[in-house]
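Taken in order, the sequence shown gives residues 17 to 336; the numbers are from our numbering.
All C-beta atoms, glycine included, are put in the ideal place defined by N, C-alpha and C.
Quick caveat, the model's predicted, so the values are computed rather than measured.
The structure appears below as structure tokens.
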Amino acid sequence: MSTAHDPEANRSANPGMHPGADPGSSPGAGDAPSGADPVLLVSQEGAVRVLTLNRPQALNAFTTPMLGQLRHALDDAAADTTVRAVLVTGAGRAFCAGQDLNDPYIKPEFEELPPGSSSTGTLAGQPETHRRAKPKDIGHLLDHYYIPLALRLRSMPVPTVCAVNGVAAGAGANIALGCDIVIAGRSASFIQAFSRIGLVPDCGGTWLLTRLVGRARALQLTLLGDKLPAEQAQQWGLIARCVADEELPAAAMALAQQLAGMPTRALVQTRAALDEAMDLELEDALRLEARLQSQMGFAHDYLEGTAAFLDKRKPNFKDR
Ligand code: T3D
17 MSTAHDPEAN RSANPGMHPG ADPGSSPGAG DAPSGADPVL LVSQEGAVRV
67 LTLNRPQALN AFTTPMLGQL RHALDDAAAD TTVRAVLVTG AGRAFCAGQD
117 LNDPYIKPEF EELPPGSSST GTLAGQPETH RRAKPKDIGH LLDHYYIPLA
167 LRLRSMPVPT VCAVNGVAAG AGANIALGCD IVIAGRSASF IQAFSRIGLV
217 PDCGGTWLLT RLVGRARALQ LTLLGDKLPA EQAQQWGLIA RCVADEELPA
267 AAMALAQQLA GMPTRALVQT RAALDEAMDL ELEDALRLEA RLQSQMGFAH
317 DYLEGTAAFL DKRKPNFKDR
């Protein structure tokens, strides 16, 4: 899988996602200064758009500019009709360690108080001081970055593959699991790290995990915050495939190329129908299938697919 530096990928992302903050330029901790490596690499192989998280020194932990750029890159892929599948992966030894805990957006800050005031900010391992945590609503980060990103991923007009090349923790795990097909290297792992730092799962974890592995295992993963090795994640049905580390790039690309050659619109409607059917009665699911099948039956790809079968040739699908 090759990656290329694309100046477009490093531009400012959607201003106005948060009052007074530009996700493409806000001061994310450890973010690349201008001229340094971009935090997201964008490249294309055939009809597959490859997005590579690129802060390996911090295990690709998400900064706000990086979140903005990832969302922008997904928007670009969605709008580009030459793209028929998206492959997301990470540079270095990790996929993504979740939210960068140094990011000023969420990092707790304290203010000194006059002696005698009651202190709320004394932390273990630090001298007793009179200080108070400054109020900071870290939920804004979800509202303005993670929710749009998770929804963008789930509504992509092309199939998505995630190649999990190492640890995927917190929001990093749930972004990976939000892709349509998740393939991981044997040494990769999944950690619902939220409870370790006093948070609840986010980025779709509560919705995804119960659906993927059931309530008991979802509770085990999220309450304990333990590391789930890739092989066990596959056995549990959390991810689709687990391969040898050295095989991951080629296997993930082959999967993405296979999907790119398939009838895109039918694949995307299949994802939507499966998601919707989780909350439907059988009869409603049957009627949804019939409605979608009607639409598919009028589309080019169905005519092409059946004609190619009957002509004993390879189909050339076009619909998106
Ligand atoms: O409201 C909101 O919006 C909050 C949103 C929250 C979403 C979330 O994702 S919350 C969960 C955040 N993530 C974590 O809590 C995971 C933190 N990281 C870890 O637990 C461990 O790093 C790992 C288990 C992922 C990997 O461990 P290991 O031993 O392989 O690597 P390491 O030595 O811990 O990390 C290597 C470097 O990456 C290290 O930096 P250094 O010391 O070499 O300069 C470490 O600090 C850095 N790093 C790893 N994760 C993060 C990080 N830096 C900032 N933020 C991180 N999340």
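Buried versus exposed call for residue i [16 or more other C-beta atoms within 10 Å across all chains shown]
i           : result
residue 314 : exposed
residue 9   : Outside the shown range of the chain, which is 17 to 336, sits residue 9, and nothing can be said about it.
residue 100 : buried
residue 181 : buried
residue 332 : exposed
residue 279 : buried
residue 218 : buried
residue 2   : Lying outside 17 to 336, the shown extent of the chain, residue 2 is not represented and no answer is given.
residue 325 : exposed
residue 291 : exposed
residue 213 : exposed
residue 164 : buried
residue 316 : exposed
residue 303 : exposed
residue 131 : exposed
residue 172 : buried
residue 159 : exposed
residue 300 : exposed
residue 201 : buried
residue 327 : exposed
residue 283 : buried
residue 104 : buried
residue 52  : exposed
residue 58  : buried
residue 141 : exposed
Own chain residues within Cβ distance below 7 Å of residue i, not counting five before or after
i           : result
residue 1   : Past the edges of the chain, shown from 17 to 336, lies residue 1, and the structure says nothing about it.
residue 308 : 285 and 289
residue 192 : 111, 178, 180, 184 and 198
residue 311 : none
residue 271 : 177, 197 and 199
residue 170 : 194
residue 318 : 312
Close Cβ partners of residue i (< 8 Å) along its chain, the five nearest in sequence each way excluded
i           : result
residue 244 : 205, 206, 207, 237, 252 and 254
residue 330 : 324
residue 72  : 106, 107, 108, 109 and 110
residue 93  : 65, 67, 99, 102, 172 and 174
residue 306 : none
Beta-carbon contacts of residue i that lie in its chain and below 6 Å, excluding the five residues immediately before and after
i           : result
residue 323 : none
residue 168 : 87 and 90
residue 106 : 69, 76, 112 and 181
residue 225 : 234
residue 241 : 208, 209, 211 and 212
residue 250 : 258
residue 37  : In this predicted model, residue 37 has a pLDDT of only 42, less than 50, meaning its place in the structure is not dependable enough to derive any value.
residue 23  : For residue 23, the predicted model reports a pLDDT of 32, less than 50, meaning its position is unreliable and no value from the coordinates is stated.
Nearest-angstrom beta carbon gap, residue j and residue i [assumed within contact, 8 Å]
i           : j           : result
residue 56  : residue 70  : 6 Å
residue 150 : residue 126 : 7 Å
residue 209 : residue 185 : 4 Å
residue 199 : residue 267 : 6 Å
residue 117 : residue 123 : 7 Å
residue 336 : residue 281 : 6 Å
residue 211 : residue 228 : The pair is not a contact, with the Cβ atoms about 18 Å apart (cut-off 8 Å).
residue 120 : residue 275 : Residue 120 to residue 275, Cβ: 38 Å. No contact.
Contact with chain D by residue i, beta-carbon distance below 9 Å
i           : result
residue 289 : The chain inventory of the structure shown lacks chain D, comprising one protein chain alone.
Worksheet item: Can at least three beta-carbon pairs, one atom from the segment 69 to 88 and one from the segment 258 to 269, be found at a separation below 8 Å?
Response: Counting C-beta pairs with one atom in each stretch, the segment 69 to 88 and the segment 258 to 269 have fewer than three that are closer than 8 Å, which means they do not touch.
Practice prompt. Decide yes or no for the touch test of the segment 104 to 119 against the segment 65 to 84: beta carbon pairs closer than 8 Å, at least 3 of them.
Written response: Short answer: they touch.
Discussion item. Assess contact between the segment 60 to 73 and the segment 90 to 100, defined as three or more Cβ pairs (one per stretch) separated by less than 8 Å. Is contact present?
Written reply: Per the Cβ contact rule, the segment 60 to 73 is in contact with the segment 90 to 100 (3 or more Cβ pairs under 8 Å).
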